[in-house]
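Numbering (my numbering), first residue to last: 100 to 455. Reading through the structure tokens given below for one structure.
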């Protein structure tokens, strides 16, 4: 079993163990559920900051302890740096383990509050299962790049892009992990600081890295909440945007939706779980030759913008596509849709304004 498989196995075990043993229960009152989700997220952010503080103080303490022993009893300047580098690496590894463990536990607790069925949470081996994507969010891992629903996210990447991707394939998850990038950056500064100012550089930079920990965990919590609430919200959003029902939807509108989703995915180069949920509900694209009217396109664009908003922070590659959607819908409608989706995700407010 390779390192990647071991990490996945550990993450799955940790997530399912919390799902089974967590004291959290479903909260039917939306305001109370929203308050509880906010509280869990804030506590995770505070713990991330505290872990950064403790980790940094441990390294500072070791550095100050060893400072007086430099050049004594065989502890040379080089040996001093090696000892501090080893200490920093160990503390960073422990900190990373704690952050991943805490985020996995928080994901499971949030899922229980929203009453996501346990049988769905236990389906960790399916690409379109909610637990699969919660674990991805908790580990800061990249989105799914494989072909699903006949859509290849890497269709626009080109030969050179594919070559670069193959070279970096073994480092993809590590390079994309939000928390890991944050901690690697910290290690780099630590190593440079050892040579220059020893413990005092670490002490002076400690508040910066505590804040970085908190910012990174806050982004992770928002992504996790987007995936959790999105799983529940997507069917309601489809029913709200298309009250005629998917079975009675015009073929031209279906075509616009399928083509729009494909454009989103190939532009971003990965499939977000909210997009998987939409495509799963839409079914196969059997309307390739249907005629799409301007009314169809406007309804589809509004829905596509809502999906973009639900997915949280989008890739920089998507900015042009989002801007085109905004121009076609109009500034006022864009603002309303974004506010409605924001309220639905982060305040658990129901969708009320008619979209037809």
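Even glycine gets a Cβ: it sits at the ideal position worked out from N, Cα and C.
Residue 307 burial status per 10 Å Cβ neighbour count (16 or more: buried) | The residue given as residue 307 occupies position 208 in the chain shown. So residue 307 counts as exposed.
Distance between residue 107 and residue 335 (C-alpha atoms, nearest Å) | On the chain shown, position 236 is the one that residue 335 refers to. On the chain shown, position 8 is the one that residue 107 refers to. Straight-line Cα distance between these residues: approximately 32 Å.
Out of 144, 421, 194, 214, state which residue places its alpha-carbon closest to the alpha-carbon of residue 489.
-> Residue 489 lies beyond the residue range present for the chain, which begins at 100 and ends at 455; the question has no answer from this structure.
Own chain residues within Cβ distance below 7 Å of residue 277, not counting five before or after = On the chain shown, position 178 is the one that residue 277 refers to. Because residue 277 carries a pLDDT of 47, less than 50, the predicted location of this residue cannot be relied on, and the following value inherits that uncertainty. Correct list, in chain order: 239, 315, 318, 319.
Any 3 or more C-beta pairs closer than 8 Å across the stretch 385-403 and the stretch 350-363 = yes
Can you have a look at residue 112 and say buried or exposed, based on whether 16 or more other CB atoms are within 10 angstroms of its CB?
-> Start at 1 with the first residue of the chain shown, and residue 112 comes out as number 13. Looking at its Cβ environment, which holds fewer than 16 other Cβ atoms inside 10 Å, residue 112 is exposed.
Pick helix, strand or coil for residue 370, following the three-state DSSP scheme.
-> By one-based count along the chain shown, residue 370 stands at place 271. It is a strand residue.
Quick one: using the 10 Å Cβ neighbour count with 16 as the cut-off for buried, is residue 194 buried or exposed?
-> Locating residue 194 in the chain shown gives position 95, counting from the first residue. Answer is buried; the Cβ neighbour count reaches 16.
Evaluate residue 210 with the Cβ neighbour count: other Cβ atoms within 10 Å of its Cβ, from every protein chain shown; 16 or more gives buried, anything less gives exposed.
-> Residue mapping note: residue 210 aligns to position 111 of the chain shown, counting from 1. Buried: at least 16 other Cβ atoms inside 10 Å.
Spatial neighbours of residue 237 within its chain, please: CB distance less than 6 Å, with the 5 preceding and 5 following residues excluded, ordered by chain position.
-> One-based indexing of the chain shown puts residue 237 at position 138. For residue 237, where only same-chain residues beyond five positions count, the Cβ hits under 6 Å are 202, 203, 206.
Quickly, what does DSSP pair residue 313 with across the bridge? List them, please.
-> By one-based count along the chain shown, residue 313 stands at place 214. For residue 313, which the question treats as bridged, DSSP gives no partner whatsoever.
Does DSSP put residue 421 in a helix, a strand or coil?
-> Position 322 of the chain shown, counted from the first residue, corresponds to residue 421. It is helical.
Check whether the Cβ of residue 115 lies closer than 7 Å to any heavy atom of the ligand SAH, and answer yes or no.
-> Looking for the ligand SAH in the displayed structure turns up nothing, as the structure carries no ligands at all.
From residue 280 to residue 386, what distance separates their C-alpha atoms?
-> As a first step, residue 280 is located in the chain shown; it is residue number 181 there, counting from the start. As a first step, residue 386 is located in the chain shown; it is residue number 287 there, counting from the start. Residue confidence for residue 280 is low, a pLDDT of 48 falling below 50, so the modelled location carries little weight and cannot support an answer.
Thinking C-alpha only, which one of 369, 452, 309 is nearest residue 156?
-> Counting from 1 along the chain shown, the entry for residue 156 is found at position 57. Comparing Cα-Cα distances from residue 156 to each of 369, 452, 309, the minimum goes to 309.
Where the alpha helix (DSSP H) through residue 409 begins and ends = As a working mapping, residue 409 is identified with position 310 in the chain shown. It spans 393-409 - the alpha helix (DSSP H) in which residue 409 sits, taken as one unbroken run.
Look at the alpha carbon of residue 402 and the alpha carbon of residue 184, and state the distance between them as a whole number of angstroms.
-> In the chain shown, the residue the question calls residue 402 occupies position 303. In the chain shown, the residue the question calls residue 184 occupies position 85. Going from the Cα of residue 402 to the Cα of residue 184 covers about 51 Å.
Taking all protein chains shown into account, do 16 or more other C-beta atoms lie within 10 angstroms of the C-beta of residue 408, making it buried, or fewer, making it exposed?
-> One-based indexing of the chain shown puts residue 408 at position 309. By the neighbour-count rule (16 or more Cβ atoms within 10 Å), residue 408 is buried.
From this set, 361, 229, 382, which residue's C-alpha is nearest residue 322's C-alpha?
-> As a first step, residue 322 is located in the chain shown; it is residue number 223 there, counting from the start. Comparing Cα positions, the closest option is 229.
Evaluate residue 246 with the Cβ neighbour count: other Cβ atoms within 10 Å of its Cβ, from every protein chain shown; 16 or more gives buried, anything less gives exposed.
-> Locating residue 246 in the chain shown gives position 147, counting from the first residue. Residue 246 comes out exposed.
Buried versus exposed call for residue 117 [16 or more other C-beta atoms within 10 Å across all chains shown] | Taking the first residue of the chain shown as 1, we reach residue 117 at position 18. Looking at its Cβ environment, which holds 16 or more other Cβ atoms inside 10 Å, residue 117 is buried.
How is residue 275 classed by DSSP in three states: helix, strand or coil?
-> As a first step, residue 275 is located in the chain shown; it is residue number 176 there, counting from the start. Because residue 275 sits at a pLDDT of 44, beneath the cut-off of 50, its placement in the model cannot be relied upon, and the following sentence gives the value as read from the coordinates. Three-state DSSP puts residue 275 in a helix.
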